[in-house]
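J.: This is the structure, below, for whatever I ask next.
In the working numbering, the protein residues as written are 7 to 584.
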């Protein structure tokens, strides 16, 4: 529930538009150069990225495809701050999860060739995947309905440093050790990088080639993509690579963020904006894969109950003011990326960034508006809740709204009242004013004008609220005396992760430590349940026949009910075990 705010002053230099711009890097001015004269629309794009278009800032590359042609591509900011190398359309970025749509096409092509079926049990091709008692199909992996745990969350729970090496084999080994699914395959949708790693392994198995080699010959070379590759060796030299940077605030000093990830299938794809334009054009031309394969990756899946999912094959189907859009974001290290395709308008945009403080989705939405040229969309935007116009609502009916609501594990939403104003605050986030949009409905500007709707019973009591489709129950927070917290403190061992975690009491709260040794505190939210006051995780304890706490399950992010058994001897020493 991020507020997504960014606005910096305009810089004095224009973006880069071609490989020749590298020659303009001057030792006195770093990345600074002058670009070609822009038409008014291009000038507005330049304004969108002016905050990063400086010789001392990382930035982004942009490409826009419209009516069957690339109509705009340009770089802003620096690919390498130490060397003063500018970003150009040929600069290669790690696009993280945007890689999934490429994996989706590889599977779709093999389906059309008869080498795979979406109904195949993944164990048909990868027999070392555990037997969970019911098949996980390739479709389940594509549509994020497999129930497999997501490896980033598992590694986070293992206290792994994400700048340390994460190999493809480490990811596959996590799958082999998984003891139970988060849910039965097909019953729910839960985003899973792990599923796409398995799909990459399946492609390699059935083709007899490495995933990198197959993608290179069958997709990248076929589309003339000369600046794209699957990264199966993070130590290799990558020409025109953009380094990734995080930005501290204040004082806004960039720090290089190292990536040693080999997340084949889910991530680890280096691509330039120039090549991304060729990829986006392929959604219309189907030059690679053919119309049938393109149709497969653009088709949303469904759940067991027949409900339509928003997940396609490495893409999400959404609505943008009446237009069907296919889009996906990417985030890893300091890289940020976003692609969006609007088939009926023959429009596609992509933003590839090496600055962690740049929100590519926001920028892509603004690019969409600039290039859409659609009066109906402009009218829809002016009439949407994003206008922020309040409607009449009687504050005397608001008394039942304040309270704490659970959006997810370690993700609480607290509603408070200040006179005739309601305020909302999500875990570990700022407070924002709520604007009435109906009798029981409010919008929140800080949440991109998303709606928050309270569900009121006939008695007038409010039992839950709904935010972005999440049904969040209102909590009756228990009070636990500090002395009673001792029953939960101790060491717990996860056989699945092969790590231990120590639960302690700190500042009167249940607590554990993260990999850096910082305290993470939990507050009681139910019987033997605690949610993190920093967000992300929830702890559910169970007791044995003598009512002693014997087990702990951690849920959070994209991992549910990960089992830890209480132990008197921790088998591994981690930052939380001193």
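All residues carry an ideal CB built from backbone N, CA and C; glycine is no exception.
Just tell me which of 491, 550, 294, 261 has its CA closest to the CA of residue 530.
T.: The residue with the shortest Cα to Cα distance from residue 530 is 491.
J.: State the start and end residues of the unbroken beta strand (DSSP E) segment that holds residue 342.
T.: Its beta strand (DSSP E) spans residues 341-348.
J.: With a Cβ-Cβ cutoff of 8 angstroms, do residue 99 and residue 276 count as a contact?
T.: Going by C-beta atoms, residue 99 is nearer than 8 angstroms to residue 276.
J.: Specify the secondary structure class of residue 376 as computed by DSSP and reduced to three states.
T.: Reduced to three states, the DSSP call for residue 376 is helix.
J.: State the CB to CB distance for the pair residue 409 and residue 79, rounded to an integer number of angstroms; the pair is presumed to be in contact (CB under 8 angstroms).
T.: Contact doesn't hold; Cβ gap of about 50 angstroms is too wide.
J.: Can you list, in chain order, the residues of its chain whose CB lies under 6 angstroms from that of residue 566, leaving out five sequence neighbours each side?
T.: Within the same chain, residue 566 has close Cβ partners 188.
J.: Determine the DSSP secondary structure at residue 533, reduced to helix, strand or coil.
T.: In this structure, residue 533 counts as coil in the three-state DSSP scheme.
J.: Any chance you could list the beta strand (DSSP E) runs of at least 3 consecutive residues sitting entirely within the segment 266-331, in chain order?
T.: Qualifying beta strand (DSSP E) stretches, in chain order: 275-278, 322-326.
J.: Since residue 208 and residue 144 should fall inside the 8 angstroms C-beta cutoff, what is the C-beta to C-beta distance between them, to a whole number of angstroms?
T.: Correct: roughly 7 angstroms between the Cβ atoms.
J.: Tell me, to the nearest whole angstrom, how far the beta carbon of residue 278 is from that of residue 96; I am working on the premise that it is less than 8 angstroms.
T.: Residue 278 to residue 96, Cβ: 5 angstroms. Contact.
J.: Have a look at residue 524 and residue 196 and give me their C-alpha separation to the nearest angstrom.
T.: Computed Cα separation, rounded: 29 angstroms.
J.: Could you check how far apart the C-beta atoms of residue 206 and residue 217 are, in whole angstroms? I think they sit under 8 angstroms.
T.: Right, their Cβ atoms sit about 4 angstroms apart.
J.: Considering only residues of the same chain and omitting the five flanking positions on each side of residue 244, which have a CB-CB separation below 7 angstroms?
T.: Result list for residue 244: 98, 276, in chain order.
J.: Cutting at 7 angstroms between CB atoms, please list the residues of its own chain near residue 346, excluding the five before and the five after it.
T.: Cβ neighbours of residue 346 beyond the five flanking positions: 331, 333, 354, 355, 370, 374.
J.: Nearest by alpha-carbon distance to residue 225: which of 292, 166, 264 is it?
T.: It is 292.
J.: Given a threshold of 16 other Cβ atoms within 10 Å of its Cβ, counted over all protein chains shown, does residue 28 qualify as buried or as exposed?
T.: The pLDDT assigned to residue 28 is 34, lower than 50, so where the model puts this residue is not dependable; a value taken from the coordinates is nonetheless given after this. The residue in question, residue 28, is buried, as its Cβ has 16 or more Cβ neighbours within 10 Å.
J.: Skipping 5 residues on each side, what residues in its chain have a beta carbon closer than 8 angstroms to that of residue 305?
T.: Within the same chain, residue 305 has close Cβ partners 318, 319.
J.: Would you tell me roughly how many angstroms separate the C-alpha atoms of residue 357 and residue 513, rounded to the nearest one?
T.: About 44 angstroms.
J.: In chain order, what residues of the same chain lie with their CB nearer than 8 angstroms to the CB of residue 526, ignoring the 5 residues before and after it?
T.: The answer, listed in chain order, is 517, 518, 519, 520, 538, 540, 543.
J.: So the candidates are 446, 404, 478, 405; which of them puts its Cα closest to the Cα of residue 432?
T.: The shortest C-alpha separation from residue 432 is found at 478.
J.: Only counting the same chain, and skipping five residues up and downstream in sequence, which positions put a Cβ closer than 6 angstroms to that of residue 71?
T.: Cβ within range, chain order: 283, 286, 287, 354.
J.: Would DSSP call residue 58 helix, strand or coil?
T.: Correct three-state label for residue 58: coil.
J.: List the residues that DSSP assigns as beta-bridge partners of residue 5.
T.: What the structure shows of the chain is the stretch from 7 to 584, and residue 5 is not part of that stretch, so it cannot be assessed.
J.: When you compare each of 252, 50, 406, 488 to residue 464 by their alpha carbons, which one comes out closest?
T.: Of the listed residues, the one whose Cα sits closest to residue 464 is 406.
J.: Tell me the DSSP secondary structure of residue 109 in three-state form.
T.: In this structure, residue 109 counts as helix in the three-state DSSP scheme.
J.: Return the first residue and the last residue of the alpha helix (DSSP H) that residue 432 is part of.
T.: Where residue 432 is concerned, there is no enclosing alpha helix (DSSP H), although the beta strand (DSSP E) it sits in stretches over 427-432.
J.: Helix or strand or just coil, what does DSSP make of residue 449?
T.: Correct three-state label for residue 449: strand.
J.: Once the 5 residues before and after residue 221 are set aside, which same chain residues still bring their CB inside 7 angstroms of it?
T.: Result list for residue 221: 108, 112, 236, in chain order.
J.: Could you check if residue 402 is buried or exposed, using at least 16 other CB atoms within 10 Å of its CB as the buried criterion?
T.: Residue 402 is exposed by the Cβ-count criterion.
J.: Would DSSP call residue 222 helix, strand or coil?
T.: Of the three classes helix, strand and coil, the one that applies to residue 222 here is helix, per DSSP.
J.: Quick check on residue 179: buried or exposed, where buried means 16 or more other Cβ atoms within 10 Å of its Cβ?
T.: Residue 179 is exposed by the Cβ-count criterion.
J.: Could you pull out every residue in the same chain whose Cβ sits closer than 6 angstroms to the Cβ of residue 337, ignoring the five residues on either side in sequence?
T.: Around residue 337: 102.
J.: Would DSSP call residue 152 helix, strand or coil?
T.: Residue 152 falls in the coil class under three-state DSSP.
J.: For residue 548, which of helix, strand or coil comes out of DSSP?
T.: Reduced to three states, the DSSP call for residue 548 is strand.
J.: Within the same chain, show all residues whose beta-carbon is closer than 6 angstroms to that of residue 414, passing over the 5 residues directly before and after it, in chain order.
T.: Result list for residue 414: empty, nothing under 6 angstroms.
J.: To the nearest angstrom, how far is the alpha carbon of residue 307 from that of residue 192?
T.: Straight-line Cα distance between these residues: approximately 10 angstroms.
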